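Visitor: Please see the structure below; I have some questions.
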Amino acid sequence: MFTSTTFDILWQRDVQLLFLDGLRVTLELFALSAVAAYALGALLAALHFAGAFCSGLVQAFVGYHRNVPAIVQLMVWYFGVPQAFPASWTGWTDAHLSGFFYAVVALSLNAAAYISEDLRSGFRAVSHGQYEAARALGLGYVATLKLVLMPQAARAALPALVNQALSLFKATSLAMAIGVADVMYIARQVDGATYATFASYLVPTVLYLICTLTLMACGSWLHTRLSAR
Amino acid sequence: MKRLISAILFGLLMAGTASADQLADIKARNTLVCGVFGDLVPLGFEDPATRKPVGFDVDICSEIAGSLGVKLQISTVSVAARIPAVSAGRVDVVAAALGYTPERAKQIDFSSAYYQTPIPVLVKKDGPYRTFADLRGKKVSAIRASTPELFARQTLKNTEIITFDDGPAAYLALQQNKVQGMAISQGAAVGFRNRSEGSIVFMNEVLHWEPECIGVKKGETALLEAVNRALDKLESSGRLQQIWDKWFGPETEYKLTRERKVTSLAQFQSE
Amino acid sequence: MLDILERFGLSLLIGQFPHGPLGGIALTLAMSATALVLAFPLAILVALAREATWRPVRRAAAVYVYAVRGIPLLLLIFWAYFVLPLLTGLDAPASVTVVAALVVYQGAYLGEAIRGAIRALPPGQAEAARALGLGYWRTIYWVILPQALFNCLPSIVNQFILLVKDTSLAYIVGAHEATFAATQINAQLLTKPLQVYVILAGIYFLLCYTLSRLSRMLERRVVRRRARPAASQPSFSEASA
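Residue numbers (the working numbering), protein chains in the order written: chain A, 39 to 267; chain B, 465 to 735; chain C, 690 to 930.
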């Protein structure tokens with residue numbers, strides 16, 4: 039029992055390297071998913087204005103991703119989707135892509151759904167006059183969206199968007215269930231090999247706290263900068 | 465005189481608390497809590513028709529409970545949680561393809577080995593991998609914190625080992641070509657191979673021959689002796705062979721022979 | 690897929706009960722409900738502590754909220770399941786430890802929701818209560834909390850929906866809820882993960898979608914009630930009678 043609470047493993051070089059690798063994977067997962075999620079989320083939010091059918095599709099997409107747990111979404115992607123495609127297609131994807139790819143896909147789609155909803159609320163906060171003025175100035179439909187409405191919606195929805203970034207960062211921990219060697223996976227691996235349970239789970243706790251507090255600080259910095267106007 | 469009495473009292477107190485006798489507890493509550501797998505055929509799994517836990521290890525547990533004269537309560541454990549479960553006292557004993565390693569022996573106590581299995585690697589039948597050298601630079605799946613993972617890392621030096629939380633996930637990864645091999649203990653391996661409809665086969669080499677034992681909390685000598693006595697009795701009465709044949713024998717899909725009978729720990733501790 | 694539902698439907702619904710512990714969807718709902726009920730008092734305490742006048746209390750509550758919100762729920766579950774028994778010597782089945790982790794988690798999130806609702810109340814409420822001579826705790830209990838809790842009722846239902854989704858993580862530590870039941874079915878079938886996991890997704894979708902409709906209904910009633918002019922609110926007419 040005593041061995042389970044020792045911290046000796048923390049001073050071992052190979053364990054430290056393992057955790058650093060895990061941190062790198064976590065950050066890569068987060069960065070790629072975030073870029074894809076915000077881009078897709080903006081696109082989905084914009085699609086709401088493209089007619090009833092598009093809006094309905096987006097609503098179905100959002101409805102699925104908000105009502106199904108993220109881990110189940112991950113499992114559907116990683117285990118379920120390859121079954122649906124013939125071996126010739128999946129041969130290439132399985133040989134070259136792996137848990138990491140599916141994790142990015144699942145996490146970014148999940149986050150995009152929430153982001154699009156936040157942006158939608160943001161749109162509601164932008165007064166209709168902005169849209170009318172932009173059109174009066176001769177801006178096309180897409181240009182209006184891109185240059186006038188979206189930035190304002192994003193600014194209105196900033197706290198929610200920052201929260202989504204936080205959620206996405208924490209959600210990367212779920213990728214450990216599909217074999218992605220992120221910080222959580224490494225923690226379990228180290229625990230399994232050394233039985234130093236307390237130390238193994240202390241490291242990811244500290245790492246996550248550092249990263250999320252940094253994210254929160256960035257968020258509030260963004261907030262003060264953008265609402266100074 | 466006073467110091468002598470207090471020393472005796474102190475000694476009695478410590479003796480009482482030092483080894484809270486788990487065997488006595490088990491007899492007092494008339495139940496043996498046994499940790500087995502919940503999702504690994506044929507060791508421990510849920511019978512879809514009756515929704516009861518069944519399997520080789522379930523039967524072994526019920527025999528041990530019977531020999532202790534108590535009722536059996538099955539508690540499912542995941543591979544990674546076997547040792548923590550018995551250390552924390554969540555289960556009294558764990559019978560779940562628990563391989564003996566000196567590392568693990570520091571955490572918990574092991575009974576005699578009630579069977580020994582090779583640890584094979586499964587691969588796709590129509591793949592090019594036949595020997596371990598072929599797996600260089602490739603990926604092999606295993607269950608997290610299992611001995612197949614340990615031996616895979618030791619033996620397959622240039623292969624990436626990807627661990628999953630449960631057997632079916634590791635198997636699916638192989639079936640969907642996300643990995644090129646799967647390292648898992650013999651019993652479960654045969655189960656997966658037989659249900660793979662011919663697409664999965666064994667490699668020619670095995671990673672290790674491993675004694676599988678029952679796990680007991682460290683220091684519970686009375687319980688350990690009772691379990692070892694039960695295992696010896698099972699062996700000598702032939703009942704262990706019967707249970708083996710029921711799940712792995714010639715009548716089943718596995719047709720495995722049980723090499724090496726119940727072996728006491730001392731015999732392979734020096735290996 | 691229908692044959693999977695037929696064969697394993699009962700297992701998905703209630704797990705191994707009565708041959709074993711309760712499982713499946715029944716356990717999912719039981720865990721979520723228990724976690725919400727237990728998190729409630731904790732959340733109220735956290736909300737009050739965050740608004741307290743005494744700085745150490747405010748600081749402590751803020752640390753709690755930031756710490757819990759800063760780590761993934763999965764990590765919290767691992768702490769509760771693996772580390773806590775080592776430190777305290779207590780052992781509990783997986784579902785109990787997961788509920789404990791969820792209570793700690795929701796204590797922070799629900800606490801923030803209640804705190805938001807308290808802050809959104811017109812300050813006149815608290816002032817009037819003090820003017821009438823009600824002490825701090827009386828004010829909280831009779832004036833502030835009833836209104837705040839009513840106003841954040843939709844949030845509370847939303848947190849319940851989140852809880853239902855969060856219980857899906859419990860399968861990793863072996864609790865027999867719906868996701869675990871699905872992995873067990875997967876272990877039986879082996880070649881049909883798509884069907885099994887699509888069914889699982891469908892189950893969660895039905896559960897959560899129904900609950901979110903309920904939440905929207907509640908939200909409409911709350912909005913209607915809040916829109917009513919203050920003079921007709923009962924708590925005041927009683928106090929001045």
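Ideal Cβ placement from N, Cα and C applies to all residues, glycine included. These figures come from a predicted structure and were not determined experimentally.
With a threshold of 8 Å between beta-carbons, can G698(C) be considered close to chain B, or not?
Guide: For G698(C), the answer is no, since every Cβ of chain B falls outside 8 Å of its Cβ.
Visitor: When the Cα atoms are used, what is the spatial distance from L85(A) to F656(B)?
Guide: Those two C-alpha atoms are separated by around 46 Å.
Visitor: With the cut-off set at 8 Å, would you say K603(B) and T619(B) are in Cβ contact?
Guide: Not closer than 8 Å, so no.
Visitor: So, is M222(A) buried or exposed, given that buried needs 16 or more other C-beta atoms within 10 angstroms?
Guide: Buried, because 16 or more other Cβ atoms sit within 10 Å of the Cβ of M222(A).
Visitor: Below 8 Å on the Cβ atoms is my contact criterion, and I expect C498(B) with S576(B) to pass it. Report the Cβ-Cβ distance as a whole number of Å.
Guide: Their Cβ separation, rounded to whole angstroms, is 17 Å, which puts C498(B) and S576(B) out of contact at 8 Å.
Visitor: Where Q50(A) and M646(B) are concerned, what is the direct C-alpha to C-alpha distance, given to the nearest angstrom?
Guide: Approximately 29 Å, taken between the alpha carbons.
Visitor: Taking 8 Å as the cut-off, does the segment 487-502 of chain B touch the segment 536-549 of chain B (at least 3 CB pairs, one atom from each stretch)?
Guide: A contact exists between the segment 536-549 of chain B and the segment 487-502 of chain B.
Visitor: Rounded to whole angstroms, what's the CA-CA distance from A802(C) to L95(A)? Just pull it up for me.
Guide: Cα to Cα, A802(C) sits roughly 31 Å from L95(A).
Visitor: Note down the Cα distance separating I528(B) from Y233(A), rounded to an integer number of angstroms.
Guide: Rounded to whole angstroms, I528(B) to Y233(A) spans 28 Å at the Cα level.
Visitor: Compute the distance between the beta-carbons of Y140(A) and I216(A), then report whether it is under 8 Å.
Guide: Going by C-beta atoms, Y140(A) is nearer than 8 Å to I216(A).
Visitor: Here's a check: name, in chain order, each residue in its chain whose Cβ is nearer than 8 Å to the Cβ of I625(B), leaving out the five neighbours to either side.
Guide: Around I625(B): K603, V604, S605, A606, E613, A616, R617, A647.
Visitor: Which chain A residues are close to S857(C), counting only those with a beta carbon under 7 Å from its beta carbon?
Guide: By Cβ distance, chain A contributes P107, I109, V110.
Visitor: Short of 9 Å Cβ to Cβ, which residues in the segment 198-221 of chain A face chain C?
Guide: Residues passing the 9 Å Cβ filter: L204, F207, K208, A209, T210, S211, L212, M214, A215.
Visitor: Tell me which same chain residues have a C-beta within less than 7 Å of the C-beta of V846(C), skipping the five on either side of it?
Guide: These residues qualify, in order along the chain: L900, L903, S904, L907.
Visitor: Kindly identify the DSSP beta-bridge partner or partners of Q537(B).
Guide: V497(B).
Visitor: In or out: M690(C) buried (at least 16 other Cβ within 10 Å) or exposed?
Guide: Classification for M690(C): exposed.
Visitor: Going along the segment 232-264 of chain A in order, which residues come within less than 7 Å of chain C, judged by CB to CB distance?
Guide: The segment 232-264 of chain A vs chain C, Cβ under 7 Å: T235, F236, Y239, P242, T243, Y246, L247, T250, L251.
Visitor: Name, in chain order, the residues that DSSP records as bridge partners for F666(B).
Guide: According to DSSP, F666(B) bridges with L586(B).
Visitor: Since P124(A) meets chain B, which of its residues come closer than 7 Å, beta carbon to beta carbon?
Guide: Chain B residues near P124(A): none, gap ~12 Å exceeds 7 Å.
Visitor: Given that I861(C) touches chain B, what residues does it touch there, using C-beta distances under 7 Å?
Guide: Ordered by position in chain B, the residues that pass the 7 Å Cβ test against I861(C) are D629.
Visitor: Quick check on the DSSP output: the beta strand (DSSP E) that includes K603(B) runs from which residue to which?
Guide: Looking at the DSSP string, the run of the beta strand (DSSP E) that includes K603(B) is 603-607.
Visitor: Below 7 Å between beta carbons is the criterion; list the residues of the segment 865-877 of chain C that meet it against any residue of chain B, in chain order.
Guide: Residues passing the 7 Å Cβ filter: T872, Q873, N875, A876, Q877.
Visitor: Helix, strand or coil for G645(B) per DSSP?
Guide: The answer is strand: DSSP assigns G645(B) an E or B state.
Visitor: Could you tell me the alpha carbon to alpha carbon distance between K881(C) and S531(B), rounded to whole angstroms?
Guide: So the two alpha carbons sit approximately 41 Å from each other.
Visitor: Whole angstroms is fine: what's the gap from A479(B)'s alpha carbon to V558(B)'s?
Guide: Per-residue confidence for A479(B) stands at a pLDDT of 44, beneath the threshold of 50, marking its modelled position as unreliable; the derived number appears in the next sentence. Approximately 26 Å between the Cα atoms of the pair.
Visitor: Taking three-plus beta-carbon pairs below 8 Å as touching, is the segment 852-860 of chain C in contact with the segment 68-78 of chain A?
Guide: Short answer: they don't touch.
Visitor: Per DSSP, Q580(B) is paired with what?
Guide: Answer is P675(B), bridged to Q580(B).
Visitor: Three or more C-beta pairs under 8 Å: does that hold for the segment 483-493 of chain B against the segment 630-641 of chain B?
Guide: Cβ pair count under 8 Å is below three, so no.
Visitor: Along the chain, where does the alpha helix (DSSP H) that runs through G891(C) open and close?
Guide: 882-916 is the span of the alpha helix (DSSP H), which, as asked, contains G891(C).
Visitor: Grab me the residues of F68(A)'s own chain with a C-beta within less than 6 Å of its C-beta, minus the 5 sequence neighbours each way, in chain order.
Guide: Counting only Cβ-Cβ distances below 6 Å, and skipping sequence neighbours, we find F207, T210.
Visitor: For the alpha helix (DSSP H) that V96(A) lies in, which residues bound it at each end?
Guide: Start and end: 90-105.
Visitor: With 8 Å as the threshold, decide whether the Cβ of S154(A) is near any Cβ in chain B.
Guide: It does not; no Cβ of chain B falls within 8 Å.
Visitor: So is L636(B) in contact with chain A if we call contact Cβ pairs under 8 Å?
Guide: With 8 Å as the cut-off, L636(B) counts as an interface residue toward chain A.
Visitor: Determine the DSSP secondary structure at S258(A), reduced to helix, strand or coil.
Guide: Helix.
Visitor: Let me make sure I understand the geometry here. Which of F87(A), V241(A), A174(A) has the alpha-carbon closest to that of R158(A)?
Guide: Comparing Cα positions, the closest option is F87(A).
Visitor: What distance in whole Å lies between the Cβ atoms of R758(C) and G800(C), which are believed to be in contact at a cut-off of 8 Å?
Guide: Actually they are not in contact, since the Cβ atoms of G800(C) and R758(C) sit about 10 Å apart, beyond 8 Å.
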